[in-house]
Amino acid sequence: MKVTSALTSHVRTVVEKCGREVPASSDRRKFPPDILELIRAKTAALRRASAYPTPEYRSRARALQREVKARVQEFRNETWSDLMEEIRPSHKAFWKITKALKTEGYTPIPRLKDLMVQLPLTTRSIEEEVIQKTSLEPKDDLTPVSLIEVQLLVKSLKTRKAPGLDGVSNKAIKCFSQPLLSLLAAIFNACLQNCYFPSVWKEAEVIGIHKPGKPRDLPASYRPISLLSGLAKLLGRVHKTRLINHLFGKGLIIDEQFGFRPAHSCPQQVLRLVEYVMEGFKTK
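Counting in my numbering, the sequence shown runs from 4 upward without gaps.
1) Which residue wins for smallest C-alpha separation from residue 247, given the options 264, 236, 235?
2) CA-CA distance, residue 180 and residue 147?
3) Would you kindly work out how many angstroms separate the C-alpha atoms of residue 81 and residue 66, rounded to a whole number?
4) Restricting to Cα atoms, I'd like to know which of 24, 252, 176, 96 is closest to residue 155.
5) Once DSSP output is grouped into helix, strand and coil, what is the label at residue 131?
6) Can you determine whether any heavy atom of the ligand SAH sits closer than 6 Å to the C-beta of residue 110, and answer yes or no?
7) How many angstroms separate the CA atom of residue 220 from the CA atom of residue 165?
8) Which residues share a DSSP beta bridge with residue 212?
9) What is the DSSP secondary structure of residue 249, reduced to helix, strand or coil?
10) Would you kindly report the start and end of the unbroken alpha helix (DSSP H) that includes residue 165?
11) If the criterion is Cβ atoms closer than 7 Å, does the pair residue 60 and residue 51 meet it?
12) Just confirm the distance between the C-beta atoms of residue 241 and residue 7, as a whole number of angstroms; I'd bet it's less than 8 Å.
13) Under three-state DSSP, which class holds residue 290?
14) Check residue 260 in the structure and name its three-state DSSP category.
15) Check whether the Cβ atoms of residue 288 and residue 207 sit closer than 7 Å, and answer yes or no.
16) Are residue 233 and residue 171 close, meaning C-beta to C-beta below 7 Å?
17) Tell me the DSSP secondary structure of residue 179 in three-state form.
18) What three-state label does DSSP hand residue 13 in the structure shown?
19) Whose C-beta lies closer than 6 Å to the C-beta of residue 63 among residues of the same chain, with five residues either side of it excluded?
20) Go through its chain and collect everything with a Cβ distance to residue 205's Cβ below 8 Å, but skip five positions before and after it.
21) Can you tell me whether residue 89 is helix, strand or coil according to DSSP?
22) Quick one: Cα of residue 192 to Cα of residue 13, how far?
23) Hey, residue 210 and residue 190: beta-carbon distance below 7 Å or not?
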């Protein structure tokens, strides 16, 4: 549907125009005066050596560079030692430092081995079966999506989730005006009526998280994380709500089904089984 692409493009344009550049934070203001003076002297020496590249000026600039580097490293070591002596579990930065020390630094993913060149032959047959089933006319009328439902769904989105390939974050979706929310409700209703799910919303950005201790050149050493579109997640929740209402309304879910049901957990099922066995012993 072209309307989904137009909506995504419009949102991205608005976000880009409303955004502003934030300068990268610098830790120079944390340096003592003697280091700041050395940095200024080094900068002046580099400019002088660039304008007048004499051996004397270039030698002076290199010497100041080494001196600044050594003094900064010395200051950071002193700061770290002081922090390690003062820090306690109740300290604000204690758990942040612990997490940073436990987390591995970023390492680019190398060229992977044993890549799958051909997809399984069953994939085509599965696709044909799904297309055949989804091409049939729906027998049940689905409840239309209302503006209030869309507002509640948008309100429930978590802002700290990463966006998908469309680049539309949940934070941006939460800023949608009422006309945009009404348009979103109209898109969802059109998708339900036409048994359609936008193909662009099916695409995901897959990020591989390396498993500790595993070879980095094997695909099995990575845990794939799929970043989906926030708009696609909203439509998925619309489908889920109507599917649950249909299943429970028709009595298609048995009482023994505890998995993937709200307010049902494994301990409750175990308790139910234990009570059933105990009742059996009593009657016997």
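Don't be surprised by glycine CBs; every beta carbon is placed ideally from N, CA and C.
According to the structure data:
1) 264
2) 21 Å
3) 23 Å
4) 176
5) helix
6) Looking for the ligand SAH in the displayed structure turns up nothing, as the structure carries no ligands at all.
7) 26 Å
8) 226
9) helix
10) Run containing residue 165: none; DSSP gives neither H nor E here.
11) yes
12) Not confirmed; about 14 Å, so no contact.
13) The question about residue 290 has no answer here: the residues shown for the chain are numbered 4 through 287.
14) coil
15) Nothing about residue 288 can be read from this structure; the chain reaches only from 4 to 287.
16) yes
17) coil
18) helix
19) 48
20) 235
21) helix
22) 20 Å
23) no
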